[in-house]
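Each remark here refers to the structure printed beneath this line.
Structure (structure tokens):
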């Protein structure tokens, strides 16, 4: 009986079997002028873009606002007519749970339906799909400020990398922040690839400015008790601590420090901050001790054109969204990807090759004050922005941050060299 | 010396939390012979219930704690009644897996209801501190240690002097003999689950009331409490408390002296100290510090 | 004497045959045929990659089933050996550039050696204690992966560019009879061929003397010693073989994904394997494969058709209160509970029941 069924199935398969699937890279190759031909992910009117983001799980705290940022940008763009005024953009979102293997599966699921990926969140998931991006000739925008991405032709990063954030902060601390080369400068990082980026920046700064890192404390994400690390920092006499963390851990770290009455100068990487921190029992402590290094301007500062656009877009297309750096990041990604698409339309080719070519020919993209201008082009000559803004905690501001020093670049940051991953 | 004492205090505060969770493990193991992997899920559930009672319903913090413990206890007993009762007589392995199943169900339910973002629980402790002789103590930590001590004391009184406590001890010792004496094993099982869940909820709220607030990853701490249970002895409540404190101290001290003494062992070695300690203890005393040596029969 | 009925077994030897009846042999051959043709029919990269991960999981699950299902030892340390396999592949296959026929066996050997080092310590303990000590192994392993930077790349992870050719055949781009097959198709064949080979090896192992000894140890270890089975030795043996197989699964995983980081080898992975073994059925090789298909394909199905399920949120700003992943995890948890309560023999048990029904047909009851 069973044999019969299997036999029938096998026969059906044999009939249906029709050979290989290799060599199927999007075949469209339009001329340099005229409307782009339809291709995988583009039906002649609508451009589809992929989003691979953790929409659930612990990292969803980052993935959800970031994807909302992508969506607000493209919804606002579509309302104005779309790419080049006529092609609407549609996002195809997939949940990666921040797991590399799931990311690879989801990438395979939608790569045939999209022209490019406007978001791949996280360093490890991006590294996991990178080999396939290269063989499939697909362009993707990583949502991570790692310095690895700058020299990868298949990736489209935005923003000043984490390393630059650290270097600029140190420069500020040594020049205006009251620190000297002999100050005890310390590091607290989460024990993963994001933390390594912070450490790399500080190590570079230490060489450049000639100080030594008094101690580096690591912690595992999701740790509940930071007393040991705080004791070690206090024991080493740290006067300045650079913190590379995410908001839920950062809150615990600052809380533990406040409880231990340990009050160095904290400088924290932009992802460490969340608006809730400015409305918590910790706020007075943070006001006294903490500076956040990020980009652009104060939230809602309408003098900056980009900020006005984003706040308006948020009110219209993302009601209920809270101000958030990740949201702004997603919004910036949308702008960079749109620049590539406009270029590709101009070249008349929205196929994978066309988009890669467009990203190569892309010049400098301005983010209208939300982030530093990014000089794109061939991966070898790309130059990411090296400007940062320092913020202090201030509960009276919309996002709880007021700017301390706007858009500055240190010489050390200018001399930082970017290399490829691995 | 100050640094050393300060680290010891951090260890005791951490150890108290481990002790509460480990005590929950032991209560269930002793009466039903099952390791409850869902303890972390119950802990998170209790903490979020406490958050809802305190922040959304604006109840007093003390009331919120009691209500959260009671609700978690009802959930624990309910799970025992609905699912685990069908498993009586099945191999312990199967029952362990069922508790893992419960953990897998609890986690997404909690995040579906309360979301992933960090919550600040309204509480009277926050980041206040007391200073005594150059040492700084967090008020929350002092309360955690105090609450743990009170619960442990209450626990021993309950087991020694109440009839239900006696029934539980008897059932743990010899279920059939207990049944023959008219003790309801069903009731004992349900009560042990209720107690374990309530303990988990208490530990959860004490953690959530701290400086960092509450996020879904709070349940992870239960994994570090496994070693506490093993080190103390799986069937000894006193051992659970001792194990919790030992593990907490060991972890905090390794952390505090990582740079000076343990840099050779790699970064962040304190995370695995509970497990290393557990393995060492198991190789020397396989039944734990205070556990009873079991006799194996063919 | 007339032709015997297909169900008739005349002696014990016949009962122990690797492939019971001619019918079973035919079924097996057909199954292999289907596997051979499947990638040509399903050319969709999504389903191919799902099935590849399913195959890799099936390999690991067969290994764990040998230890847990046949020998009765619960190990939560499987993730450690899977991780080890992936890193070993990164080293032998990637950095040293050895060919597939060398790095795969080397991964198995290294995994087995690691198992032989850990096993004697872990297996001194029984039941619950073993489960919790192997749980410790996962955490200690994670610490090692994060700090042993030369091999693992530390927190940044490492890319694995292992060679994927069998003689003249390059699995990245198989050319057969004028047709070109993609990397996903080629890898599908590699993985499922290995599933078949390992399933046969383990099946053969458990029907012979060592297998019977393992089951005796599982059912009553002291009684087994009394009748002359060296329980300790067999337990360690099962642990070593199971670790070696887990390491092969890790090698396949690493070589397919081409990048691995220490965040992947966590307790959740171990628990997932245990769940697969239970859902599939303890102590059956076929069940492990069924379990892997079920546990691997179900999330993919829910994911693919999530839009059609009410209350599920598939995108930011979309309707619904529970995400696909959360729903998956909850279903996964409920399934474990349901299987243990209602069908402790797992999917394989259901399969056997269906088979028994048709075997005695038309006199089924």
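Protein chains in written order, with our numbering: chain A, 55 to 476; chain B, 72 to 369; chain C, 25 to 389. Note that the Cβ used here is the ideal one computed from N, Cα and C, for glycine as well.
The three-state secondary structure of residue 240 of chain A, taken from DSSP, is strand. If you look at residue 230 of chain B, you'll find it in the alpha helix (DSSP H) that goes 210-232. Three or more Cβ pairs drawn from the stretch 268-286 of chain A and the stretch 320-331 of chain B lie within less than 8 Å of each other, which places the two stretches in contact.
A Cβ-Cβ distance of about 6 Å is found for the pair residue 301 of chain C and residue 92 of chain C, placing them in contact under the 8 Å criterion. Listed along the chain, the chain C residues whose CB falls inside 9 Å of the CB of residue 163 of chain A are 68, 69, 70, 71, 73, 74, 324, 327, 328. DSSP places residue 294 of chain A inside the beta strand (DSSP E), whose first and last residues are 294-298.
Chain order gives no chain B residues near residue 118 of chain C, where near means a beta carbon separation below 7 Å; the closest approach is about 23 Å. Per the DSSP secondary-structure output, residue 196 of chain C pairs with nothing in a beta bridge.
Shortest Cα-Cα distance from residue 370 of chain C to any of C/324, C/328, C/259, C/309 involves C/309.
Any Cβ of chain A closer than 8 Å to the Cβ of residue 350 of chain C would place that residue at the interface, and such an atom is present.
Of B/84, B/189, B/111, the smallest CA-CA separation from residue 294 of chain B is found for B/111. The straight-line gap separating the alpha-carbon atoms of residue 277 of chain A and residue 251 of chain A is approximately 20 Å. When rounded, the separation of the alpha-carbon atoms in residue 363 of chain B and residue 298 of chain B is 17 Å. For residue 91 of chain A, no Cβ of chain B is located within less than 8 Å of the residue's own Cβ. The closest CA to that of residue 335 of chain A, considering only B/192, B/99, B/130, B/123, is found on B/192. Closer than 7 Å at the C-beta level to chain C, one finds these residues of the stretch 97-113 of chain A: 109, 110, 111. Counting only residues of its own chain and dropping the five nearest sequence neighbours on each side, residue 241 of chain B has a CB closer than 8 Å to the CB of 248, 249, 252, 254. At a cut-off of 8 Å between beta carbons, residue 215 of chain B makes no contact with chain A.
Distance between residue 192 of chain A and residue 80 of chain C, taken at the CA atoms: about 27 Å. Rounded to the nearest angstrom, the gap between the Cα atoms of residue 210 of chain B and residue 289 of chain B is 20 Å.
With a contact defined as Cβ atoms closer than 8 Å, residue 211 of chain A and residue 220 of chain A miss out at about 17 Å. Taking one beta carbon from each stretch, the stretch 379-389 of chain A and the stretch 316-330 of chain A have 3 or more pairs nearer than 8 Å; the two touch. Residue 393 of chain A counts as buried, since no fewer than 16 other beta carbons sit within 10 angstroms of its beta carbon.
Ranked by Cα distance from residue 457 of chain A, the options A/349, A/173, A/165 are led by A/349. Minimum Cα-Cα distance from residue 101 of chain A among the listed residues A/264, A/364, A/92, A/443 corresponds to A/92. Look at residue 289 of chain C here: in three-state DSSP terms it is coil, with no helix or strand label. Put simply, the stretch 454-470 of chain A does not touch the stretch 405-422 of chain A. Fewer than three CB pairs are less than 8 Å apart. Residues of chain B with a Cβ closer than 8 Å to the Cβ of residue 336 of chain A are, in chain order, 198, 282. Around the beta carbon of residue 212 of chain B, 16 or more other beta carbons sit within 10 angstroms, so the residue counts as buried. Close to chain A, meaning a Cβ-Cβ distance shorter than 8 Å, are the following residues of the stretch 292-307 of chain B: 292.
Contact annotation for residue 278 of chain B against chain A: 278 [CB-CB distance below 8 Å, chain order].
According to DSSP, residue 196 of chain A shares a beta bridge with A/174. DSSP places residue 91 of chain A outside both helix and strand once states are collapsed to three, so it counts as coil. Nearest CB-CB separation between residue 110 of chain B and chain A: not below the 8 Å threshold. Of all residues in the stretch 276-295 of chain C, the ones placed with a Cβ closer than 9 Å to any Cβ belonging to chain A are 277, 280, 281, 282, 283, 284, 285, 286, 287, 288, in chain order. Taking the Cα positions, residue 197 of chain C is about 19 Å away from residue 218 of chain C.
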